[in-house]
Amino acid sequence: MISTSYSDFLTLGTGLLRVNKAVLFADVVDSVRLFEVDEEGTIVRWIGFVDDLERRLSASGQGRLVKRMGDGLLAEFDDVSFAARTALDIQDAIRKVNENLGTDRRIELRIGLDVGEILHSSDQDLYGQHVNTAARLSAASRAGQIIVSAAIRNVLASDPDSEFEDLGELHLKNLSQPVSAFLLRSPDEVPNPSPRIAAKDLQPTIAVLPLMSPTVSQETMIWSNLITEDLVGALARSPALSVISNLSTANFRAKPVELEDIRTKLSADFIVTGSFRHHKGMTLLDLEVVETRTGLVVLSQRLEFDTSELLQQNTIFSDLANNVHAALLNREMKRALSAPIPSLEGYAILFGAIALLNRLSHQDFNLAGELLTGLIERIPNAPTALAWKARWHVLKVQQGWADDPGLEARLALDCTGRALDIDPQNSGALVAEGFVRNNLLHDLDEAEELFDCALEMTPNDATGRALRAGLYTFRGEGPQAANDAERALHLAPLDPNRFFFQAMAAGANLANKDNARALELASSSLRLNRSHTSTLRIKAVAEWRLGKTDDARKTLAKLLKKQPNFTVSWWRQSSPAADYEMGRAFARSLKELGVPE
Numbered sequence: 001m002i003s004t005s006y007s008d009f010l011t012l013g014t015g016l017l018r019v020n021k022a023v024l025f026a027d028v029v030d031s032v033r034l035f036e037v038d039e040e041g042t043i044v045r046w047i048g049f050v051d052d053l054e055r056r057l058s059a060s061g062q063g064r065l066v067k068r069m070g071d072g073l074l075a076e077f078d079d080v081s082f083a084a085r086t087a088l089d090i091q092d093a094i095r096k097v098n099e100n101l102g103t104d105r106r107i108e109l110r111i112g113l114d115v116g117e118i119l120h121s122s123d124q125d126l127y128g129q130h131v132n133t134a135a136r137l138s139a140a141s142r143a144g145q146i147i148v149s150a151a152i153r154n155v156l157a158s159d160p161d162s163e164f165e166d167l168g169e170l171h172l173k174n175l176s177q178p179v180s181a182f183l184l185r186s187p188d189e190v191p192n193p194s195p196r197i198a199a200k201d202l203q204p205t206i207a208v209l210p211l212m213s214p215t216v217s218q219e220t221m222i223w224s225n226l227i228t229e230d231l232v233g234a235l236a237r238s239p240a241l242s243v244i245s246n247l248s249t250a251n252f253r254a255k256p257v258e259l260e261d262i263r264t265k266l267s268a269d270f271i272v273t274g275s276f277r278h279h280k281g282m283t284l285l286d287l288e289v290v291e292t293r294t295g296l297v298v299l300s301q302r303l304e305f306d307t308s309e310l311l312q313q314n315t316i317f318s319d320l321a322n323n324v325h326a327a328l329l330n331r332e333m334k335r336a337l338s339a340p341i342p343s344l345e346g347y348a349i350l351f352g353a354i355a356l357l358n359r360l361s362h363q364d365f366n367l368a369g370e371l372l373t374g375l376i377e378r379i380p381n382a383p384t385a386l387a388w389k390a391r392w393h394v395l396k397v398q399q400g401w402a403d404d405p406g407l408e409a410r411l412a413l414d415c416t417g418r419a420l421d422i423d424p425q426n427s428g429a430l431v432a433e434g435f436v437r438n439n440l441l442h443d444l445d446e447a448e449e450l451f452d453c454a455l456e457m458t459p460n461d462a463t464g465r466a467l468r469a470g471l472y473t474f475r476g477e478g479p480q481a482a483n484d485a486e487r488a489l490h491l492a493p494l495d496p497n498r499f500f501f502q503a504m505a506a507g508a509n510l511a512n513k514d515n516a517r518a519l520e521l522a523s524s525s526l527r528l529n530r531s532h533t534s535t536l537r538i539k540a541v542a543e544w545r546l547g548k549t550d551d552a553r554k555t556l557a558k559l560l561k562k563q564p565n566f567t568v569s570w571w572r573q574s575s576p577a578a579d580y581e582m583g584r585a586f587a588r589s590l591k592e593l594g595v596p597e
C-alpha cells in the first residue's frame, strides 16, 4: 500500500511536487495500421474505452487517469495492488471490446508498470524516472502483455491475485542501466503444478460452529445444519486439514462460548463462525475463520447463492474451502517467518535481503549479503539473520560465484554455529546447517540428522522439508524425495520464492524417475526465476530423457550462458550426488547432452 498525504510531498522551487505513486503506461499496438484500416471505428472504440476507464478510476478513489496521448494513456495509483489489478482488468476489458471484430480491427495494448517517487506539475502531469521506466516497459511488451518492474513485483510477491514470470534484466531505450522486469499475469493464466502429498502428517484442526440466523425457528435450524454439513464436507476434502465433525460442534449452538473453551474442548486450532439469511430465493452467508489461540481473524468472506442449489449436488463451498486452506497456510507461513529481531527496521532489512537473495541476480545477490552482514553486526544475537547468511554462502557456491568453496563452507558453519549457540533449538538454524553439510561438505548423514531434528520440532517447515528432499534426491531415494518435496510445495502455496520449492520438487521427481513431472515443475520454476542454474540443469536432463533433444540443447545453451565454465567434472566435484547412482546417471546425461568433460 502506498499512502499519499501532504507530509509525503516536497515542494520544489519549480512548482513540482514529489510523491510516491504507482505509474501505469498503456500503448496501442500498431496504431498506424489500425487507423489506416478503420480510422473512425478505431477512434470511437478507443475513446469509449478510455472514457469508461476514467469513470471507473474516478469512482474507485484509488487511481487517476493523468492524460490521453492519442494511442496511449498514463495513469497513477496510490495502491500497487490496485494498479496491478487495473492493468489486468484493462487487458480483460479490451478483449471484450474486440469481440466479434476481425483480427485486422482489434485494439491490442501493451502495458508497463513501475512504482516510486515521481514529480507532479502544477497542471497535474507526471514526470521523473519511474514515469519513463513505465513507458519503456510498455514499449518492451508484446501485444496483450503487462511488464512490471522489480519494485512492483516485490510489493506483490505474496499477492494471490498476481503471478509473475521473471524476464531477467531488460536493456530499455534511453536508460543507462538494465532493469529487472517481470511479466504480470492473472493466476488463472499460469500453469501452477498442484502438489502431490500424502495425507498422513498431523494437520491443523478446524471446527465449523453452527451458523446463526436473524430468525430463530425450526426451519432455520434445519438450514443451519444443512449449510454447516456441506461446509464441513468441503473442508474435510482438504488433505491438509483435520476437521471436527458437525455433530461434535452442535452443542455450541445454544449459548455463547469463549474461544478458550472451544480450544480446550475441541482441541481446535481454528474455528469457522458466521451467519446466514434468506431473501427472495437467495442465501447470503457471512463467514470468519478465527485462530482460537489469539482471536485473530485470518479470513473473512461473504457468499451469495441460489438457495435451491443447497438441495442439489453442488460445489458452492469448494472455492471457500480452498480459500480457508490458503489463509491457514499463509498464517502459519507468516508465523514461521517471524524472527527475534526487535525493531521494524530490522525486519525491513531482513525481508529486503531475503527478497534480493532469492532473485539470484549477481548484483542483487551481493547486496543481499551486505544487508545481512550489516544486520548481524547491528543485532548479533538474531539467529534468523545468521541462518539466512549461512544459506547465502551455500547459494553463492551453487550459482558458481565462489572463488573458494571451502572458505564459503567455513563461513557458513560459523554463522550456523553462532545461531545455534544463541538458540540450540532454532529450527531455521538447524535447517541452514543441514543445508551447508549436505550441499557443501557432502556429509549427508549429519545433514539428515539436522533436518530430522528441525522437522521434529516444526513439522510444517516448508524449507526444511524441501532441503531434506534434496538430500534424498542426491542419494537417489526417489519416493522419499518426492514425498517431502511435494509436501513442501503444498506448505508454501503463496510463498514469494515459490520457484525454490518447485525447483526442489523438480529434482526430487527426477530422482523418482518421473521425468515428465520434473520437467513440468522445472519449467514452472524457471518462469518465476530464470537465474537458478541448478533448475536449468534439471530441466535439460529431464528434456533429454524424455527425448526432447532440441529443447534440451536449447536449455543447455541458456545454462552455459549463465555459467560459461560449467563442465561435467565441475558438477561431479560440487554435487553431493556424484558418488551415488543418481549422480552417476545425471553426469552421463549431461555428457550425452554435450556438456564438456
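For what it's worth, UniProt numbering labels the leading residue of the sequence shown as 1, then goes sequentially. We treat Cβ as the ideally placed atom computed from N, Cα and C, and that holds for glycine.
Unbroken beta strand (DSSP E) run spanning residue i, endpoints
i	result
Lys562	Taken as a continuous stretch (DSSP letters only), Lys562 belongs to no beta strand (DSSP E), being part of the alpha helix (DSSP H) at Thr549 to Lys562.
Asp166	Glu163 to Leu170
Ala75	Gly72 to Phe77
Arg106	Unbroken run through Arg106: none, as it is neither H nor E.
Val289	Met282 to Glu291
His279	Phe270 to His279
Lys591	Segment Glu581 to Leu593 is the alpha helix (DSSP H) holding Lys591; no beta strand (DSSP E) there.
Leu20	First, the residue type needs correcting, since residue 20 is Asn and not Leu in the sequence shown. Leu17 to Val28 is the span of the beta strand (DSSP E), which, as asked, contains Asn20.
Asp92	Not the beta strand (DSSP E): Asp92 falls in the alpha helix (DSSP H), residues Val80 to Val97.
Phe182	Val179 to Arg185
residue 601	In the structure as shown, the chain begins at 1 and stops at 597. Residue 601 is therefore absent and cannot be evaluated.
Closest residue to residue i among the options (Cα-Cα distance)
i	options	result
Ala181	Asn132, Asp114, Val243 and Ile222	Asp114
Ile111	Asp414, Arg68, Asp71 and Ile147	Ile147
Leu167	Leu126, Leu209, Pro178 and Leu407	Pro178
Tyr472	Thr535, Gly583 and Leu320	Gly583
Leu357	Asn497, Arg418, Pro405 and Ser523	Asn497
Arg537	Leu593, Phe499, Asp89 and Leu137	Leu593
Ser575	Gly369, Leu444 and Leu16	Leu444
Ser217	Phe270, Ser318, Arg277 and Asp188	Arg277
Pro187	Arg85, Ser531, Glu117 and Asp550	Arg85
residue 685	Thr215, Gln301 and Thr249	Given that the chain is displayed from residue 1 to residue 597, the structure contains no residue 685 and the question cannot be resolved.
Asp92	Leu53, Thr416 and Val394	Leu53
Val397	Tyr127, Thr133 and Trp570	Trp570
Asp452	Leu441, Ala469, His442 and Leu440	Ala469
Val44	Ser122, Ile107 and Gly102	Ile107
Whether residue i touches residue j by CB criterion (9 angstroms)
i	j	result
Ile244	Leu259	no
Ala557	Ala518	no
Ala68	Val50	Looking at the sequence itself, residue 68 is Arg, so the reference to Ala does not match. Result yes, Cβ atoms of Arg68 and Val50 sit closer than 9 angstroms.
Phe305	Thr283	yes
Ala140	Leu170	yes
Val289	Leu299	yes
Ala135	Asp30	no
Leu184	Ala87	yes
Ala506	Leu521	yes
Leu467	Asn509	no
Val436	Ala390	yes
Ser525	Phe500	yes
Ala419	Ala409	no
Ile422	Leu395	no
Asp125	Val80	no
His362	Gln399	yes
beta-carbon residue i near the ligand FAD non-hydrogen atom, thresh 8 angstroms
i	result
Ser308	This structure does not include the ligand FAD; it has no bound ligands of any sort.
Residue i - containing alpha helix (DSSP H), residue span
i	result
Ser217	Careful: Ser217 lies outside any alpha helix (DSSP H) and carries neither H nor E.
Gln398	Pro383 to Gln398
Gly63	No alpha helix (DSSP H) contains Gly63, which is instead part of the beta strand (DSSP E) from Gly63 to Arg68.
Ser484	The displayed chain sequence assigns Asp, not Ser, to residue 484. Start and end: Gly478 to Leu491.
Asn509	Arg498 to Ala511
Ala466	Ala462 to Arg475
Nearest-angstrom beta carbon gap, residue j and residue i [assumed within contact, 8 angstroms]
i	j	result
Ala482	Met504	In fact, because the Cβ distance is near 10 angstroms, the residues do not count as touching under 8 angstroms.
Trp388	Ala353	7 angstroms
Leu119	Leu16	4 angstroms
Asn165	Leu528	Note on identity: in this sequence residue 165 is Glu, with Asn being the wrong assignment. Going by Cβ atoms, the distance from Glu165 to Leu528 rounds to 7 angstroms, so yes, they are a contact pair.
Thr294	Ala268	With a Cβ gap of about 13 angstroms, Thr294 and Ala268 do not count as contacting.
Arg572	Ala587	6 angstroms
Gly128	Asn20	That belief does not hold up - the Cβ atoms of Gly128 and Asn20 are roughly 11 angstroms apart, past 8 angstroms.
- Inter-stretch contact at 8 angstroms, needing at least 3 Cβ pairs: the segment 499 to 518 / the segment 466 to 479: yes
- Message: Contact between the segment 15 to 31 and the segment 68 to 79 is defined here as three or more beta-carbon pairs at a separation below 8 angstroms; is this criterion met?
- Response: yes
- Query: Touching or not, the segment 418 to 429 and the segment 457 to 467, by the rule of three or more beta carbon pairs under 8 angstroms?
  - Reply: yes
- Quick one: any contact between the segment 224 to 238 and the segment 203 to 211, if contact means 3 or more CB pairs under 8 angstroms? yes
- Can you find at least 3 beta carbon pairs, one from the segment 444 to 451 and one from the segment 402 to 415, that sit closer than 8 angstroms? no
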